[in-house]
Amino acid sequence: MEQTRGRFTGPPLTPRTAVIWSVLRAELDRRGDEELTVLDVGGGTGGFAVPLAHAGHRVTVVDASPDALAALTRRAAEAGVGDRVRAVQGDGDALADLVEPASVDLVLCHAVLEVVDDPTPVVTALATALRPGGAASVLVAGRAAAVLGRAMNGHLTAAATLAADPCGSAGPRDTLRRRYDADSAAALLRAAGLTVEEIHGVRVLADLLPAAVADGQPAALLELERALAAQPPYRDLAAQLHLFARRPVTPSGRVTPSGRVTPSGRVTPSDRVTPSDRPVRPRE
Ligand SMILES: C[S@@+](CC[C@H](N)C(=O)[O-])C[C@H]1O[C@@H](n2cnc3c(N)ncnc32)[C@H](O)[C@@H]1O
């Protein structure tokens, strides 16, 4: 794996990660040689955090699971980036209390908004944690894929329940509390004041194909996943949706001191000034 900032190549790509890494790589390339402050909410065992640290960035992972954080710490140490990865046990629902406003360049929130108590304050906290101009990488479960998946497996009642449920859950036994389509996910981010720049489908086909096809033609599958990821209607049938969004700078284009992003989308000045070079400082 390439270790020099500004020339990030990243880990080996899979249908689960290829599209996300291609979006992140473009952002890292755009930032050139800067050492970025990254926050990975629900980052688990560090599948994204460790490669980003390996590329020269400083990553704080906030996760509810001590086991996941222990695995993250081991993985980071084995990769030689233990000094660049910080593990913080915390609940995404209380993120606003864990992270300084306007202290982060890139925030990741992958496969977490489906399981938190309430996604709205979490997304507001993500937006608030970002410096103006900073970016958010958000991955959520796709609703249409879950309906189709249940129906194709013969679980028609669960498919109907999920399709009719306002949150996109199949009921109390569903492991996820909610799912999204592109519009509802984008609306959630916009309501927190973020500008949605890109939406891609992740695993458009991978979960639908027989294992023999997926395992037998991995390069062709990866290529097809990439080709379909940005194109509705294929995008909208993906198992997950990836949104890349940005906290706007002020109308003058200047980066302001700490500001609160209100749910209405307006960036309001705040008396909690955070110097732009201050690292993320979780309160443990
Ligand atoms: C499906 S895993 C995703 C891990 C990683 N983001 C990825 O995409 O590979 C969900 C992660 O979120 C964490 N998690 C679940 N609920 C959480 C919460 N309320 N606050 C913080 N982390 C949470 C879990 O411990 C787990 O590590």
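Reading the sequence shown from the start, the letters are residues 1 to 284 in full-length UniProt numbering.
Beta carbons: idealized from backbone N, C-alpha and C, even for Gly.
Please read these numbers as outputs of a predicted model, since none were measured by experiment.
If you draw a straight line from the alpha carbon of L36 to that of L28, how long is it in whole angstroms?
Against the sequence shown, residue 36 aligns to sequence position 36. Against the sequence shown, residue 28 aligns to sequence position 28. Approximately 9 Å between the Cα atoms of the pair.
Which same chain residues, not among the five before or five after A151, have their C-beta less than 7 Å away from its C-beta?
Taking the sequence shown and counting its residues from 1, the one referred to as residue 151 is at position 151. Result list for A151: A159, in chain order.
Can you determine whether any heavy atom of ligand 1 sits closer than 8 Å to the C-beta of G201, and answer yes or no?
Mapped onto the sequence shown, residue 201 falls at position 201. No, Cβ of G201 sits at least 8 Å from all heavy atoms of ligand 1.
How long is the line joining the alpha carbons of L39 and V61, rounded to whole angstroms?
Along the sequence shown, read from residue 1 onward, the residue named residue 39 stands at position 39. Along the sequence shown, read from residue 1 onward, the residue named residue 61 stands at position 61. So the two alpha carbons sit approximately 6 Å from each other.
L24: which of V107, G80, G44, A87 sits nearest, CA to CA?
Here residue 24 is taken as the residue at index 24 of the sequence shown, counted from 1. For L24, the nearest C-alpha among the options comes from V107.
Relative to the C-alpha of R247, which residue among R226, E223, E197, L209 is closest?
For the purposes of this step, residue 247 is identified with residue 247 of the sequence shown, where counting begins at 1. Comparing Cα-Cα distances from R247 to each of R226, E223, E197, L209, the minimum goes to E197.
Starting from the N-terminal side, write out each stretch of the beta strand (DSSP E) that is 3 residues or longer and does not extend beyond the region 56-106.
58-63, 85-89
What first and last residue would you give for the beta strand (DSSP E) that runs through P132?
Here the question's residue 132 lines up with position 132 in the sequence shown. Here the beta strand (DSSP E) through P132 covers 130-141.
Is S169 near L176, with beta carbons less than 9 Å apart?
If you number the sequence shown from 1, residue 169 lands on position 169. If you number the sequence shown from 1, residue 176 lands on position 176. Going by C-beta atoms, S169 is nearer than 9 Å to L176.
Check whether the region 116-126 and the region 186-197 are in contact - that is, three or more C-beta pairs closer than 8 Å.
yes
Enclosing beta strand (DSSP E) for G195 [first to last residue]
Taking the sequence shown and counting its residues from 1, the one referred to as residue 195 is at position 195. One detail in the question is off: residue 195 reads as Thr in this sequence, not Gly. It spans 195-202 - the beta strand (DSSP E) in which T195 sits, taken as one unbroken run.
Should A238 and G201 be called a contact, given that it needs their Cβ atoms to be closer than 9 Å?
Against the sequence shown, residue 238 aligns to sequence position 238. Against the sequence shown, residue 201 aligns to sequence position 201. In this structure, G201 lies closer than 9 Å to A238 by Cβ.
Please classify E223 as buried or exposed, where buried requires at least 16 neighbouring CB atoms within 10 angstroms.
Against the sequence shown, residue 223 aligns to sequence position 223. Result: exposed.
Give me the Cβ distance between L243 and V138, rounded to the nearest whole Å; I'm assuming they're in contact under 8 Å.
On the sequence shown, residue 243 is found 243 positions in, with the first residue counted as 1. On the sequence shown, residue 138 is found 138 positions in, with the first residue counted as 1. Indeed, because the Cβ distance is near 5 Å, the residues count as touching under 8 Å.
Take the Cβ of Q240 as the centre, count every other Cβ of all protein chains shown within 10 Å, and call the residue buried at 16 or more, exposed below.
Position 240 of the sequence shown, counted from the start, is the residue given in the question as residue 240. Result: buried.
For R235, collect the residues of the same chain with a Cβ closer than 8 Å to its Cβ; drop the 5 residues on either side in sequence, then sort them by chain order.
For this step, residue 235 is matched to residue 235 along the sequence shown. Only A182, I199, H200, G201, V204, L228, A229, L241 meet the Cβ criterion.
Which value, in whole angstroms, describes the spacing of the CA atoms of N66 and Q89?
The count along the sequence shown starts at 1 and reaches residue 66 at position 66. The count along the sequence shown starts at 1 and reaches residue 89 at position 89. Note on residue identity: the sequence assigns Pro, not Asn, to residue 66. Distance between the alpha carbons of P66 and Q89: 6 Å.
Taking C-beta to C-beta, are L72 and V104 nearer than 9 Å?
Looking up residue 72 in the sequence shown gives position 72. Looking up residue 104 in the sequence shown gives position 104. No, these two residues do not count as a Cβ contact at 9 Å.
Could you spell out the range, first to last residue, of the beta strand (DSSP E) harbouring T161?
Within the sequence shown, the letter at position 161 stands for residue 161. Per DSSP, T161 belongs to no beta strand (DSSP E); it is in the alpha helix (DSSP H), 156-164.
Using the C-alpha atoms, what's the distance from A102 back to A87?
Counting from one through the sequence shown, the residue named residue 87 turns up at place 87. Counting from one through the sequence shown, the residue named residue 102 turns up at place 102. Going by the C-alpha atoms only, they are around 20 Å apart.
Pair within 9 Å by beta-carbon distance, D63 and V41
Taking the sequence shown and counting its residues from 1, one reaches residue 63 at position 63. Taking the sequence shown and counting its residues from 1, one reaches residue 41 at position 41. Yes, they are a contact pair.
Mind checking which residues open and close the beta strand (DSSP E) that includes R178?
Taking the sequence shown and counting its residues from 1, one reaches residue 178 at position 178. No beta strand (DSSP E) contains R178, which DSSP labels as neither H nor E.
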